[in-house]
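In the working numbering, the protein residues as written are 1 to 764.
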């Protein structure tokens, strides 16, 4: 979520009033804002997407709740020591959190372990261990519409009789100390992005958020006028008309068997009825196609922790496979491919398959990704129910990612086209009229230059490096992962360095290359990549032959509040994943909206950015998905490229020989070995096209006016990438609710008693 103060002031229309009031108290608002900790309760794009979605849902007047876990420790703080990443705990609640309100009156029990008893009256889950879920509510204000939604985060609490109710030896002190075991559930965020780690505590977290949330939703449904009761029993027929639940990846997939358990075991609905309601309620968003990221939970672990849920999953699978067998008799391989249970040394539950079978809609997050989902990853399922599969291209909130972080540009745009674009970003197309307006071109360039000077001062303060603010700011910020190919950027840096040294008199367009991002603590290769970048920076930044022509900075502890500083100052946005690996990307959109040009592959939302702005207004290079597939068929041989390209050979040899690590010549042998022998992401295959494309970038940068014209064309084409547009599509195509642009009266104005605050039925 990042910081909340400035975002709240902007959405409430109070920023100027607050700035002024604080100034009169002799304080500086910006200084005050810097004191607030980021709420870092997610990993990469998936977590930030949810935050943008909350902003858009409130702004569109949807009655929506964001549910998650109130981690005591969020994503780790990254320190760089001697070029290596070191993790520190993110004690973000140390000074309290003024934005949250504990709601103990809505505390709910969550059960674990135990066993299942079957009887004539149905199944009963008994002898369980109970953990309490305590909700904390954070307000989510819409933009200037007097709507405030709720983000409800659950914290784990041990019940007061924890470990004291059992026939116990009377070790009261130990029993109280053991409360920590239950409360560890919400202690810390697992720091993996695009990687599945099948740990018991992680599964506990996933079930904890799901069980608490579903009880909360059902309590709210029963309390509403829709949860009509037949004598004693609630009638759930209208449930899917009143409730839509969007599964943000497979992490909350246990919601599907949990809702079935509630309907069948507790509410005593017949299976078919319960299943029909469940499917109509859930929709699933897929966020990655990397096989190592797909959740596959061992059956033994689920059986121990959630025995009733395993039985329900088996029943769902049985009925699912019976249906497939009736359509494709004797096709045993199809049954194996489509089963929710994977056989092997350890039997596992494929959570994505569970989500597809248990949802009425499945979507990818960019056109190209949704196609890959349909035709490759889940092709058997798409063949069965093609109408279930959709695309919903990701977006970003223009409130945080333009108004808040880049007020200079936001104001300049408002002067030209009015202020309405903030709620309707498609209006940015009106900027096309000003592409040839010399004054506007100069003003856009001036805002960028001011942002660069400000960020250069920040860098000099934090990193003690002198930055040339007129150099091209070439920025690559995102989680560190092999598929995102920070290594390819690193090879380009080395190539530029070698060219400067080969001919120091030759014209060289000065660059400040900024790379930032966190590596998962257990991801050895990602940590080596960080060390390599820092080792290269050490050499480049201290070579007198290079001077101010080339500087390399590794941005420490990349997070939302730092993104808000670096993105407005960026000239060139690096979006260079291997085609077919980045589901969408959202940083790419933030850079586009803030006046950077993109160098990128035809991957994720880059494809649609090129479609909107015109391919000639982005720097597109490298293999397309088809080329990657072709190369896989042929067999990728890294050696071929190394032998054919002298500059690539030189760069790799320098890494290999210890040029960048003279005290430890073999330091990067793992990296080099990977690049030659098991590089799944084919860095060498795109190196030549990348370097050539970078030469075109430098050439254009020399012509400030031509560069800025392309910038304006990009900003004018960024409208599609508002999360408001994304959420309108979810609302209409999946949740079946109508967004409203009604500004409800503020609380200080009387309202008619009959006036309904939320015209939409469904709560998402």
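Cβ atoms here follow ideal geometry from the backbone N, Cα and C, with glycine treated the same way. Keep in mind it's a predicted model, so treat the numbers as computed, not measured.
**OP:** Taking residue 360 as the reference, give the member of 340, 182, 323, 240 with the closest Cα.
**Re:** Taking each of 340, 182, 323, 240 in turn and checking the Cα distance to residue 360, the smallest one comes out for 240.
Original post:
Hey, is the region 451-465 in contact with the region 491-500, meaning 3+ C-beta pairs nearer than 8 Å?
Top reply: Contact between the region 451-465 and the region 491-500 is absent: fewer than three C-beta pairs spanning the two stretches fall below 8 Å.
**OP:** Go ahead and label residue 346 buried or exposed: buried means 16 or more other beta carbons lie within 10 angstroms of its beta carbon, across all protein chains shown.
**Re:** In summary, residue 346 is exposed, with fewer than 16 beta-carbon neighbours lying within 10 Å of its beta-carbon over all protein chains present.
Subject >> Of the residues 163, 158, 354, the one placed nearest residue 249, counting alpha carbons only >> reply: Ranked by how close their Cα comes to the Cα of residue 249, the residues 163, 158, 354 have 354 in first place.
Original post:
In the DSSP assignment, what residue or residues form a beta bridge with residue 511?
Top reply: Answer is 472, 550.
Subject >> Cβ contact (3+ pairs, closer than 8 Å) linking the region 291-303 and the region 245-259 >> reply: They touch, by the three-pair rule.
Original post:
Touch check for the region 668-685 and the region 360-375: three-plus C-beta pairs under 8 Å?
Top reply: With a cut-off of 8 Å, the region 360-375 and the region 668-685 do not count as touching, because too few Cβ pairs lie within range.
Original post:
For the putative contact between residue 605 and residue 585, defined by C-beta atoms under 8 Å, what is the C-beta separation to the nearest angstrom?
Top reply: With 8 Å as the limit, residue 605 and residue 585 qualify as a contact, their Cβ atoms being about 5 Å apart.
Original post:
What residues in its chain sit with their C-beta under 7 Å from that of residue 445, if we drop five residues either side in the sequence?
Top reply: Counting only Cβ-Cβ distances below 7 Å, and skipping sequence neighbours, we find 704, 708.
Original post:
CB-CB under 8 Å to residue 713, same chain, minus the five flanking residues each way: which ones, in chain order?
Top reply: 432, 435, 613, 614, 617, listed in sequence order.
Original post:
For the region 472-486 against the region 520-534, are there 3 or more C-beta pairs whose distance is under 8 Å?
Top reply: Yes: at least three Cβ pairs fall under 8 Å.
Subject >> Beta-carbon proximity list for residue 748, same chain, < 6 Å, skipping 5 on both sides >> reply: Excluding five sequence positions before and after residue 748, none of the CB atoms of its chain fall closer than 6 Å to its own CB.
**OP:** State yes or no: is the C-beta of residue 156 within less than 9 Å of the C-beta of residue 183?
**Re:** Closer than 9 Å, so yes.
Original post:
To the nearest angstrom, how far is it from the Cα of residue 106 to the Cα of residue 216?
Top reply: Note on geometry: alpha-carbon atoms of residue 106 and residue 216 lie some 8 Å from one another.
Original post:
Which residues mark the beginning and the end of the beta strand (DSSP E) in which residue 88 is found?
Top reply: Element bounds for residue 88: 84-88.
Original post:
First and last residue of the beta strand (DSSP E) that includes residue 284?
Top reply: Looking at the DSSP string, the run of the beta strand (DSSP E) that includes residue 284 is 282-285.
Original post:
Should residue 141 be labelled buried (16 or more other beta-carbon atoms within 10 Å of its own) or exposed?
Top reply: Counting C-beta atoms within 10 angstroms of its own C-beta, residue 141 has 16 or more neighbours from the protein chains shown and is therefore classed as buried.
**OP:** Below 7 Å CB to CB, which residues in the same chain sit around residue 649 once its five sequence neighbours on both sides are set aside?
**Re:** Here residue 649 has 642 as same chain residues with Cβ atoms under 7 Å from its own Cβ, once five neighbours each way along the sequence are excluded.
Original post:
If you scan the region 31-75 from start to end, which runs of the beta strand (DSSP E) of 3 or more residues do you find wholly inside it?
Top reply: Fully enclosed beta strand (DSSP E) runs of no fewer than 3 residues occupy 65-69 of the region 31-75, in order along the chain.
Subject >> Cβ-based burial, residue 505 [other Cβ within 10 Å; buried from 16] >> reply: Exposed.
Original post:
Looking only at its own chain, which residues have a Cβ that is under 6 Å from the Cβ of residue 628, when we skip the five neighbours before and after it?
Top reply: Its chain contains 579, 580 as the residues whose beta carbon lies nearer than 6 Å to that of residue 628, once the 5 sequence neighbours on both sides are disregarded; these appear in chain order.
Original post:
If we ignore side chains and look at the alpha-carbon of each, how far apart do residue 330 and residue 214 end up?
Top reply: Note on geometry: alpha-carbon atoms of residue 330 and residue 214 lie some 39 Å from one another.
Original post:
Among residues of its own chain, excluding the 5 on either side of residue 367, which ones have a beta-carbon nearer than 7 Å to its beta-carbon?
Top reply: Around residue 367: 391, 393, 607, 608.
Original post:
Skipping 5 residues on each side, what residues in its chain have a beta carbon closer than 7 Å to that of residue 421?
Top reply: Excluding sequence neighbours, residue 421 sits near 413, 427, 428.
**OP:** Look at the Cβ atom of residue 198, then the Cβ atom of residue 284, and state whether they are nearer than 9 Å.
**Re:** Going by beta carbons, residue 198 and residue 284 fall outside the 9 Å limit.
**OP:** Please determine, among 404, 503, 134, 508, the residue with the shortest C-alpha to C-alpha distance to residue 699.
**Re:** Measuring from the Cα of residue 699, the nearest candidate turns out to be 508.
Original post:
In whole angstroms, what separates the C-alpha of residue 739 from that of residue 425?
Top reply: Per the coordinates, the alpha-carbon of residue 739 lies some 16 Å from the alpha-carbon of residue 425.
**OP:** Could you tell me whether the Cβ atoms of residue 212 and residue 135 are closer together than 9 Å?
**Re:** With contacts defined as CB atoms closer than 9 Å, residue 212 and residue 135 qualify as a contacting pair.
**OP:** Enumerate in chain order the residues of its own chain whose CB-to-CB distance from residue 758 is below 7 Å, with the five nearest sequence positions on each side excluded.
**Re:** A caution first: residue 758 carries a pLDDT of 45, below 50, which makes its placement in the model too unreliable to give a value.
Subject >> Exposed unless 16 or more other CB atoms sit within 10 angstroms - verdict on residue 545 >> reply: By the 16-neighbour rule on beta-carbons within 10 angstroms, residue 545 is exposed.
Original post:
Between residue 369 and residue 193, is the Cβ-Cβ spacing less than 9 Å?
Top reply: No, the pair does not count as a contact, with Cβ atoms beyond the cut-off.
**OP:** Indicate whether the contact test is met: 3 or more Cβ pairs, each with one atom in the region 467-476 and one in the region 664-675, closer than 8 Å.
**Re:** A contact between stretches requires three or more CB pairs, one per stretch, nearer than 8 Å, and the region 467-476 fails this requirement with the region 664-675.
**OP:** Express the C-alpha separation of residue 312 and residue 557 in angstroms, rounding to a whole number.
**Re:** Cα to Cα, residue 557 sits roughly 43 Å from residue 312.
Original post:
Roughly how many whole angstroms lie between the Cα atoms of residue 332 and residue 338?
Top reply: Put simply, the backbone Cα of residue 332 is about 10 Å away from that of residue 338.
Original post:
Exposed or buried, residue 743, counting other C-beta atoms within 10 Å across all chains shown (16 or more means buried)?
Top reply: Label assigned to residue 743: exposed.
Subject >> Proximity below 9 Å, CB of residue 573 to CB of residue 601 >> reply: In this structure, residue 573 lies away from residue 601, with their beta-carbon atoms at least 9 Å apart.
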